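Chemist: Mind looking over this structure? Questions follow.
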Amino acid sequence: MKTGNIRTQASCADDYDSESISVESARHRILEKITAVSDTETLALKQGINRVLAEDIASTLDVPGHTNSAMDGYALSADDLPDTATRQYHVIGTAFAGRPFKEPCHAGQCVRIMTGAAMPAGTDTVVMQEHSEKITDTEIRLGTGHQRGQNVRHAGEDISKGSVVFKQHHYIQPADLGVLASIGIAEIKAYRRLRIAFFSTGDELRSIGEPLDTGDIYDSNRYSLHGMLSQLNIEIIDLGSVRDKLDDLREAFQTATSQADLIITTGGVSVGEADFVKNIVEEMGKIHIWKIAMKPGRPVTFGELDHAVFFGLPGNPVSVMTTFYQFVLPAIQQLSGQGARTPLTFEVLAGSALRKRPGRYECQRGILSRNESGQLTVSATGKQGSGILTSMSRANCLILLDEDCSGIEIGDYVTVQPLNTFL
Ligand code: AMP
Ligand code: MG
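Under my numbering, the letters of the sequence shown match residues 1165 to 1587, in that order.
Written out as structure tokens, the structure is:
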């Protein structure tokens, strides 16, 4: 521990630290050191959700496969549409989705057609049912003002045969499963699932169900970590809470390195006397980063243990989550083969004043909502201490405040990052 300079007063300079690096530069350095997994496996399509494609996928089909109707109505030739006055047509049959009408349609005729039904020969235009007048079961009348080709979906307008639908490294989302199903793909080749191990460190930590002695707390970090990780399609290895004892920690690290691609620990990385994590990682592997100018979140360590990537997150429950979103998540994305994605951020009006001292980048917890005039505004969740985990539960976004920012007034614009678009 550093000694000397005994302080009697807090100062603004507390938030400046010449040894710490910026969030952006930390993220950059982290990503530079991470090489994506290269092993692949073949999966049934549904298993592909939140996985990363290991190959380009080209379509062997046109989607839709046939030109078809976008409406329930009457199909006819555009050349035969009424131009100056209403006209009567003979209905020669009905085309259903999956049950085409196979005879050609001639002048003066039309075909009753349902949404999704293939357009019969001789037709290229659909007049919607609501714009027709039924005279008998086989006779209708149509008015003027219709457009050539209206209400028709063309073969291949969504996906054309031979086109590449998704490229290698694509991260598969719900709509993508549907798209792949629409071109008849039963199996995909994906990069293998990541294995991520984590454990908490701290003598004060107890598991749910154990009695609490003075100063003891329940280990909440493992639960919020589990929650964030379980939104990703990865293998989660929960190694429990570990005492601040060198041997116990060493053993936990050994177990983790033998099983995981990425290891996350919480706690024990500050300069306190029981903070052994950094020393062990230095002994067993390499540490790249020590301090990051971010609040909450300082200190964060990043390193390598054998073939595994290591993140030593702070112990404070809010810091665990904010550092996870800022550093661990992009690292997971990079490791999984999809490449780190830039999170969605945008500017909104501050609906409450936000306190901040210059020096560190801050992730305050915010609530995005609309004010009386319908404008999107953001307010802080209240107390912003790194131990106030309920501030994270109440938040639906992070408010990102630059290092130089010295506070925000109501009506200023601030950058927010919605929380549920992270994962
Ligand atoms: P540390 O980084 O180990 O100095 O811990 C910082 C603060 O976070 C201390 O108040 C710890 O008690 C608290 N803390 C550490 N680990 C956890 C955990 N797993 N769950 C809840 N709080 C924790
Ligand atoms: Mg501790």
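Backbone N, C-alpha and C fix where the C-beta goes; we use that ideal spot for every residue, glycine too.
Fair warning: this is a prediction, and the values are worked out from it, not measured in the lab.
1. In angstroms, rounded to a whole number, what distance separates the CA positions of L1245 and L1562?
2. Suppose only complete runs of 4+ residues qualify. What are the alpha helix (DSSP H) ranges in the region 1539 to 1587, listed by chain order?
3. Could you pull out every residue in the same chain whose Cβ sits closer than 7 Å to the Cβ of G1530, ignoring the five residues on either side in sequence?
4. Ignore the nearest five residues each way along the sequence and tell me which others in S1516's own chain have a CB closer than 7 Å to its CB.
5. Assign E1183 to one of three DSSP states: helix, strand, or coil.
6. In the structure shown, what three-state DSSP assignment does K1266 receive?
7. Assuming T1300 is part of the beta strand (DSSP E), what are its boundary residues?
8. For the ligand MG, any of its heavy atoms closer than 8 Å to the Cβ of G1212?
9. So, at 8 Å on beta carbons, what are the nonlocal neighbours of A1177 in its own chain, with the 5 sequence-adjacent residues on each side left out?
10. Helix, strand or coil: which one does DSSP assign to T1167?
11. Across which residues does DSSP place Q1395 in a beta bridge pair?
12. Can you look up D1402 in the DSSP assignment and give me helix, strand or coil?
13. Quick check on the burial criterion: 16 or more other C-beta atoms within 10 angstroms. Buried or exposed for D1568?
14. Roughly how many whole angstroms lie between the Cα atoms of F1474 and L1344?
15. What three-state label does DSSP hand M1458 in the structure shown?
16. Given 8 Å as the limit, is there contact between the region 1364 to 1371 and the region 1459 to 1473, that is, 3 or more CB pairs closer than that?
17. Is the separation between the beta-carbon of V1578 and that of L1540 shorter than 9 Å?
18. Among K1210, L1358 and T1302, which residue has its Cα nearest to the Cα of D1203?
19. Using a Cβ-based criterion (distance less than 8 Å to any ligand heavy atom), does G1461 qualify as near the ligand MG?
20. For G1342 and E1219, I'd like the C-alpha separation in whole angstroms.
21. If V1201 and S1557 are in contact, beta carbons under 8 Å, what's the gap, nearest whole angstrom?
22. Suppose only complete runs of 3+ residues qualify. What are the beta strand (DSSP E) ranges in the region 1324 to 1362, listed by chain order?
23. Is S1384 near the ligand AMP, going by C-beta to nearest heavy atom under 8 Å?
24. For S1233, does the count of other Cβ atoms within 10 angstroms reach 16, so buried, or fall short, so exposed?
25. For R1407, which residues in the same chain have their Cβ closer than 6 Å to its Cβ, ignoring the five residues on either side in sequence?
26. Using 10 angstroms around the beta-carbon of T1509, count the other beta-carbons present and answer buried if the total reaches 16, otherwise exposed.
27. Quick one: Cα of L1521 to Cα of K1459, how far?
28. For the candidate residues V1216, G1286, P1582 and Q1211, whose alpha-carbon lies nearest to that of S1241?
29. Quick one: using the 10 Å Cβ neighbour count with 16 as the cut-off for buried, is G1168 buried or exposed?
30. Within this structure, are the beta carbons of S1394 and G1326 separated by less than 9 Å?
31. Given that a residue counts as buried once 16 or more other Cβ atoms are within 10 Å of its Cβ, and exposed if not, what is I1372?
32. So V1187 packs on A1239, CB below 8 Å; how close in whole Å?
33. Contact check, G1479 vs G1549 under 8 Å by CB: the rounded distance?
34. Use the C-beta contact count for Q1173: other C-beta atoms within 10 angstroms, 16 or more gives buried, fewer gives exposed.
Modeler: On the basis of the coordinates in this document:
1. Answer to the nearest angstrom: the Cα atoms are 57 Å apart.
2. Listed in chain order, the complete alpha helix (DSSP H) runs (minimum 4 residues) inside the region 1539 to 1587 are 1554 to 1558.
3. Taking G1530 as the centre and dropping the five residues before and after it, the same chain places the C-beta of V1542, S1543, A1544, T1545, A1559, C1561, L1562, I1563 and V1580 closer than 7 Å to its C-beta, in chain order.
4. Answer for S1516: S1543, A1544 and I1574, listed in chain order.
5. In this structure, E1183 counts as coil in the three-state DSSP scheme.
6. Reduced to three states, the DSSP call for K1266 is coil.
7. From DSSP, the beta strand (DSSP E) with T1300 extends over S1296 to T1300.
8. For the ligand MG, not one heavy atom lies less than 8 Å from the Cβ of G1212.
9. Caution is warranted here: a pLDDT of 47 is assigned to A1177, below 50, making its placement in the model unreliable, and the coordinate value is therefore given only provisionally. Here the set comprises G1523.
10. Residue confidence is low: T1167 scores 43 on pLDDT, short of 50, so the model does not pin down where it sits. No coordinate-derived value is stated.
11. Beta-bridge analysis with DSSP links Q1395 to no other residue.
12. Strand, per DSSP.
13. Counting Cβ neighbours within 10 Å, D1568 comes out exposed, since fewer than 16 surround it.
14. For F1474 and L1344, the distance between alpha carbons rounds to 35 Å.
15. Of the three classes helix, strand and coil, the one that applies to M1458 here is strand, per DSSP.
16. At 8 Å Cβ cutoff, the stretches do not touch.
17. Taking 9 Å as the Cβ cut-off, V1578 and L1540 do not qualify as a contacting pair.
18. Comparing Cα positions, the closest option is L1358.
19. Distances between the C-beta of G1461 and the heavy atoms of the ligand MG are all 8 Å or more.
20. Approximately 18 Å between the Cα atoms of the pair.
21. The beta carbons of V1201 and S1557 sit about 33 Å from each other, so the pair does not count as a contact at 8 Å.
22. List check, beta strand (DSSP E) in window: 1328 to 1330 and 1351 to 1355.
23. S1384: yes, Cβ under 8 Å from the ligand AMP.
24. Classification for S1233: buried.
25. Closer than 6 Å at Cβ, skipping near neighbours: D1367.
26. In the assembly as shown, T1509 is an exposed residue. Its beta-carbon has fewer than 16 other beta-carbons within 10 Å.
27. For the record, residue 1521 in the displayed sequence is Arg; it is not Leu. Distance from the CA of R1521 to the CA of K1459, rounded to the nearest whole angstrom, comes to 11 Å.
28. Residue G1286 is the option with its Cα nearest to S1241.
29. Only weak support exists for where G1168 lies, its pLDDT of 45 falling under 50; the value from the coordinates is given anyway. The residue in question, G1168, is exposed, as its Cβ has fewer than 16 Cβ neighbours within 10 Å.
30. No, Cβ-Cβ distance for S1394 and G1326 is not below 9 Å.
31. Flag for I1372 reads exposed.
32. About 59 Å separates the beta carbons of V1187 and A1239, which is beyond the 8 Å limit, so they are not a contact pair.
33. About 13 Å; that fails the 8 Å criterion.
34. With a pLDDT of 48 at Q1173, under the threshold of 50, the predicted position of this residue should be treated as unreliable, and no value is reported.
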